[in-house]
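**Q** Okay, so the sequence shown: first residue is 615 according to our numbering, each after it adds one. Every residue gets a Cβ at the ideal spot worked out from N, C-alpha and C, and that includes glycine. All values derive from a computational prediction rather than experimental measurement.
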Amino acid sequence: MKKTVLILSLLFFGIAFNSNSASNADFFAGKWDMLIKGTPNGDAKMEAHFKIVNGKLSGTLKPSEGDAIPVTQIDEETDAITIYFSAQGYDLNVKLTKVDENNLKGSLMDMFETTLVRKASADYFAGKWEFLVVGTPQGDVKFTTELSRKDGKLTGELSNLAEPNAPKIPITSIEEEADKIVIFFSASGYDLDLNLSKVDADNLKGTMFNMFESKGVRVK
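Have a look at this one:
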């Protein structure tokens, strides 16, 4: 019995740790304007681009001139990261701490003040959409939604066009990648997911429940 409790405890803490790491990675992922002040060559500006690969952060640093510099390692803490890379024959690191949702602050090699500001970008998935799910047991189904971002995450509700007076269907969660979203919701007693990938500026394509062909069109 004690052995079983120990195993369950270890599993719980392992899950909690992985979940926390993923959450941190989600915050740091994206593009940032990076400024390193007072280097021997003056202030240095770069674009930092971080993304999640196999559950871990990776990225590149793009100087204003020249090729992108690969980030060789990123150490993550609750509200901080340390970035390792090589430039001009030197192995360097930048330690950064979260200031707020859009700003990081720290130093290069504990010497040169460094700041990162999240780049403003168009929020592709936010806005009004019409979804078509083809060939369900109830026939083709059309939904409309307006996705909005709250506390950094997309949220919204689904309206069935065939039942305009019916209560809206809450979206329980949305998972995002660069050009893809998965929308989770419940309908007719089933937990469902709508898996859609970007086709172009105004169109999505994918499946519902990995079974029914689905499309999304931006409503303008």
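#1: Does the CB of Ser800 have a neighbour CB from chain B at under 9 Å?
#2: Does the beta-carbon of Lys670 have 16 or more other beta-carbons within 10 angstroms, so that it is buried, or is it exposed?
#3: Check each candidate in Arg832, Leu730 and Asn774 and name the one with the smallest Cα separation from Phe642.
#4: Flag this pair as yes or no: are the beta carbons of Phe699 and Thr711 separated by less than 9 Å?
#5: Examine the Cβ distances between the stretch 746-757 and the stretch 770-778 and report whether three or more of them are shorter than 8 Å.
#6: Give the secondary structure of Asp693 by DSSP, where H, G and I count as helix, E and B as strand, and everything else as coil.
#7: For a test of the three-state rule: what should DSSP assign to Asp793, helix, strand or coil?
#8: At which residues does the beta strand (DSSP E) containing Gly656 begin and terminate?
#9: So who's on the other strand from Ala701, going by DSSP bridges?
#10: So, is Thr759 buried or exposed, given that buried needs 16 or more other C-beta atoms within 10 angstroms?
#11: For the candidate residues Gly830, Pro654, Met660 and Ser678, whose alpha-carbon lies nearest to that of Val748?
#12: How far does the beta strand (DSSP E) with Val731 in it reach, from first residue to last?
#13: Under a three-way DSSP split, which group does Asp714 fall into?
#14: Could you check what DSSP says for Phe823 in three-state terms: helix, strand or coil?
#15: With 16 as the cutoff for other CB atoms within 10 Å, does Ala662 come out buried or exposed?
#16: Ends of the beta strand (DSSP E) at Ser811?
#17: Checking the sheet assignment: what are the DSSP bridge partners for Gln687?
#18: Helix, strand or coil: which one does DSSP assign to Phe757?
#19: Just how far apart, CA to CA, sit Phe631 and Ile695?
**A** Concretely, from the data shown:
#1: Given the protein chain composition of this structure (a single chain), no chain B is represented.
#2: exposed
#3: Leu730
#4: no
#5: yes
#6: coil
#7: coil
#8: Gly656 to Val667
#9: Tyr704
#10: buried
#11: Gly830
#12: Phe726 to Arg732
#13: strand
#14: coil
#15: buried
#16: Tyr804 to Asp814
#17: Tyr698
#18: strand
#19: Residue confidence for Phe631 is low, a pLDDT of 33 falling below 50, so the modelled location carries little weight and cannot support an answer.
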